[in-house]
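So the sequence shown is numbered by my numbering: it starts at 10 and just counts up by one.
Built from N, CA and C at the ideal position, the CB exists for glycine as well.
Before any comments, here is the structure.
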Amino acid sequence: MSGVPQSNPQKSPQKTFYLETFGCQMNVHDSEKVIGTLVQEGYRQVESVEQADLVLYNTCSIRDKAEQKVFNRLSDYKKYKKQGKMFGVLGCVAQQEGEKIFERAPYVSLVAGSASYNNLPQMLQQLEEAELAAREKASLRDDAAVVTTTESTREAGLPPRDAGLVRITGLDDRETDKCFETEFTARSNPHRGYITIIEGCDKFCAYCVVPYTRGKERSRTSESVLAEARQMAHLGYTEIQLLGQNVNSYKDPAGNSSARKTFAELLAAVGEVPGIRRVRFTTSHPRDFGRDIVDAIDAVPALCDHVHLPVQSGSTRVLDAMQRLYTRDQYLERIAWMKAAKREISITTDVIVGFPGETEADFAETLDLLEEVGYDAVFAFKYSPRPNTPSLKLDDAIPDAEKARRLEVLMARQREIQITRYKKYIGTKCEVMVEGRNEARAQWIGRTSHNKTLNFTAPETANPKPGAYVPVIVTGSFPNSLLGELVI
Ligand code: SAM
Ligand code: SF4
Numbered sequence: 010m011s012g013v014p015q016s017n018p019q020k021s022p023q024k025t026f027y028l029e030t031f032g033c034q035m036n037v038h039d040s041e042k043v044i045g046t047l048v049q050e051g052y053r054q055v056e057s058v059e060q061a062d063l064v065l066y067n068t069c070s071i072r073d074k075a076e077q078k079v080f081n082r083l084s085d086y087k088k089y090k091k092q093g094k095m096f097g098v099l100g101c102v103a104q105q106e107g108e109k110i111f112e113r114a115p116y117v118s119l120v121a122g123s124a125s126y127n128n129l130p131q132m133l134q135q136l137e138e139a140e141l142a143a144r145e146k147a148s149l150r151d152d153a154a155v156v157t158t159t160e161s162t163r164e165a166g167l168p169p170r171d172a173g174l175v176r177i178t179g180l181d182d183r184e185t186d187k188c189f190e191t192e193f194t195a196r197s198n199p200h201r202g203y204i205t206i207i208e209g210c211d212k213f214c215a216y217c218v219v220p221y222t223r224g225k226e227r228s229r230t231s232e233s234v235l236a237e238a239r240q241m242a243h244l245g246y247t248e249i250q251l252l253g254q255n256v257n258s259y260k261d262p263a264g265n266s267s268a269r270k271t272f273a274e275l276l277a278a279v280g281e282v283p284g285i286r287r288v289r290f291t292t293s294h295p296r297d298f299g300r301d302i303v304d305a306i307d308a309v310p311a312l313c314d315h316v317h318l319p320v321q322s323g324s325t326r327v328l329d330a331m332q333r334l335y336t337r338d339q340y341l342e343r344i345a346w347m348k349a350a351k352r353e354i355s356i357t358t359d360v361i362v363g364f365p366g367e368t369e370a371d372f373a374e375t376l377d378l379l380e381e382v383g384y385d386a387v388f389a390f391k392y393s394p395r396p397n398t399p400s401l402k403l404d405d406a407i408p409d410a411e412k413a414r415r416l417e418v419l420m421a422r423q424r425e426i427q428i429t430r431y432k433k434y435i436g437t438k439c440e441v442m443v444e445g446r447n448e449a450r451a452q453w454i455g456r457t458s459h460n461k462t463l464n465f466t467a468p469e470t471a472n473p474k475p476g477a478y479v480p481v482i483v484t485g486s487f488p489n490s491l492l493g494e495l496v497i
């Protein structure tokens, strides 16, 4: 499924929903599945809170005071509670804060973590039944005058419901073996799409909430991943991104051991699906990153020459405190495998600065690692203490101003590295997937296999279409993007 999904006409009365997503690609893709599921259940997606019967927030709690942001957003919309709208909080903040959400925002009806999305149709049904009962109660009380109906409740001839009576939770499923597999994914891009291969995480890095919010690690069978990849290819998708918090610890649960695939084998198999021209994967944990992944990239041209391998710190001492399960040298060994590959692999990473106990010397080791690896992009974050995590017990003695200073120093150093690295592409020819057009600059937007943005000009007659693959000669570079001309 792609584009704005059409709702299932079999189900009535038709209800509307608005969904806002915060956070990582996993959340974005979960939202695509939630939208597909809701549409299949007869709901129609709308573009504003005002138009919606059901308002959902798919939340993220990886850093900062994410939960506070959600409560602020909910309180912004408090005014709508009298209109009988229902509010649901999904994702990591829902899992982390649980029923406390009902206490702080009593008009919320649904609180569900990602491990329970499998039960979304049942939860929706419970919600609808409870809502009908609440409406009946409201009409009996004859106080409906204070309650405004939304467009769809009016259309359906239903009395408005009182807000805050219905409470459904999906919070107890983190031990589930099931993944959120649904054939009703509403992908928003018609050319490239995500496929989840593994959910949850068992790594328990000292700073990270993910194992507590997304539950234990569980993989999909390679058979179902490949079936989805073939279906996407059939629908015209040419690029697939395999997703998981830690794709390298993928374990194929296929019953038949001869059919079982390692992650590298699955990667290669997706890359060989007819019609698929590009395969990406994220995120890789260095501990489980095997040489066989590099061999697969060497062997299968459709596998993109880009690997995101989060290092978090260049200091073995800090890595140990973070419980990352590898040393600086082991990380660099993996980098060496990639540098020895037949194609030049672009490497990107994540870094946390100011982890409790990080000294100037540790930080200097991280800066030194940036030079040694030569990353094409670094996503750097100030350490932020998260609920339930082991590092919460450590003394977070590094002041915020010092974390901010380290972040600035690191990003300035990385910018210099990128300026040099991106310059090297000038004069080379790259194939890009056309992503769109920047009218203001009269440029087309393209993406290379290395995952770099390559904006390019083309004669008016060429008119490249989004989704097309075209050759572009690189004529200029910036710290975060390349500039070029279409090769005709
Ligand atoms: N699974 C991935 C891995 O092992 O690297 C990371 C997933 S996490 C959603 C994305 C990034 O957020 C991490 O790589 C880390 O840099 C950052 N992050 C996670 N927890 C953090 C925290 N408490 N404070 C600051 N950054 C954090
Ligand atoms: Fe978080 Fe570590 Fe799991 Fe990544 S591997 S999701 S950083 S616990």
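Residue i in three-state terms, based on DSSP
i	result
K24	strand
C439	strand
K42	helix
H255	Per the sequence shown, the amino acid found at residue 255 is Asn instead of His. Three-state result, N255: coil.
I428	helix
K78	helix
I306	helix
L318	coil
T375	helix
T325	helix
L495	strand
Y434	coil
E281	coil
S266	coil
E369	helix
N397	coil
L334	coil
E192	coil
F298	coil
K351	coil
K187	coil
R72	coil
K260	coil
Those residues which DSSP pairs with residue i across a bridge
i	result
R289	Q250
N447	Q452
M95	L63
R53	T25
A9	A query on residue 9 cannot be resolved here, the shown segment of the chain reaching from 10 to 497 and no further.
L312	V288
T457	V441
G179	A121
V362	K391
T30	N67
L403	Its beta-bridge partners do not exist; DSSP assigns none.
Contact with chain D by residue i, beta-carbon distance below 7 Å
i	result
K402	Considering every chain present, this structure includes no chain D. It has just one protein chain.
Legend entry - Complete runs of the beta strand (DSSP E) confined to the stretch 459-493 [at least 3 residues]: Restricting attention to beta strand (DSSP E) runs no shorter than 3 residues, the stretch 459-493 encloses them at 462-466 and 478-486, ordered along the chain.
Inset, instruction - Quick one: which unbroken beta strand (DSSP E) runs of 3-plus residues sit fully inside the stretch 197-244? Chain order, please. - result: Those beta strand (DSSP E) runs which fall completely within the stretch 197-244 and span 3+ residues are 201-205.
Inset, instruction - Evaluate contact between the stretch 413-432 and the stretch 385-404, counting only Cβ atoms and requiring at least three cross-stretch pairs below 8 Å. - result: Contact between the stretch 413-432 and the stretch 385-404 is present, with at least three C-beta pairs closer than 8 Å.
Legend entry - Contact set, the ligand SAM heavy atom to C-beta under 7 Å: Result (chain order): C33, I71, R72, C210, K212, C214, Y216, C217, V218, V219, Q254, N255, T292, H294, P319, Q321, D359, V360, I361, F388, F390, K391, Y392, S393, P394, R395 and T398.
Inset, instruction - Please go through the stretch 85-144 and give each complete beta strand (DSSP E) segment of 3 or more residues, from N-terminal end onward. - result: Runs of the beta strand (DSSP E) lying entirely within the stretch 85-144, each at least 3 residues long, are 95-99 and 117-121 in chain order.
Legend entry - Contact between the stretch 445-460 and the stretch 335-347 (3+ Cβ pairs under 8 Å): The stretch 445-460, when compared against the stretch 335-347, does not touch it at the 8 Å Cβ threshold.
Inset, instruction - Could you tell me whether the stretch 373-384 touches the stretch 346-365, where touching means 3 or more Cβ pairs closer than 8 Å? - result: Result yes; three or more Cβ-Cβ pairs closer than 8 Å.
Inset, instruction - Could you tell me whether the stretch 429-439 touches the stretch 471-490, using the rule of 3 or more Cβ pairs below 8 Å? - result: Judged by Cβ distances under 8 Å, the stretch 429-439 makes contact with the stretch 471-490, as three or more pairs qualify.
Legend entry - the stretch 257-277 in contact with the stretch 220-238 per 3-pair CB rule at 8 Å: Touching, per the Cβ criterion.
Inset, instruction - Give a yes or no on contact between the stretch 321-331 and the stretch 302-313, applying the rule of three or more CB pairs nearer than 8 Å. - result: With the cut-off at 8 Å, the stretch 321-331 and the stretch 302-313 do not touch.
Inset, instruction - May I ask you to verify whether the stretch 37-56 touches the stretch 73-80, counting CB pairs closer than 8 Å and requiring at least 3? - result: Put simply, the stretch 37-56 does not touch the stretch 73-80. Fewer than three CB pairs are less than 8 Å apart.
Legend entry - Contact between the stretch 94-109 and the stretch 211-224 (3+ Cβ pairs under 8 Å): As far as the Cβ criterion goes, the stretch 94-109 touches the stretch 211-224, which means the pair count is three or higher.
Inset, instruction - Decide if the stretch 232-244 is in contact with the stretch 276-285; the criterion is three or more beta carbon pairs, one per stretch, under 8 Å apart. - result: With the cut-off at 8 Å, the stretch 232-244 and the stretch 276-285 touch.
Inset, instruction - Take every Cβ of the stretch 191-205, pair it with every Cβ of the stretch 135-142, and state whether three or more of those distances are shorter than 8 Å. - result: Here the stretch 191-205 makes no contact with the stretch 135-142; the two share fewer than three CB pairs at distances below 8 Å.
Legend entry - Inter-stretch contact (C-beta, 8 Å, three-pair minimum) for the stretch 58-69 and the stretch 89-103: Output reads yes: the stretch 89-103 touches the stretch 58-69.
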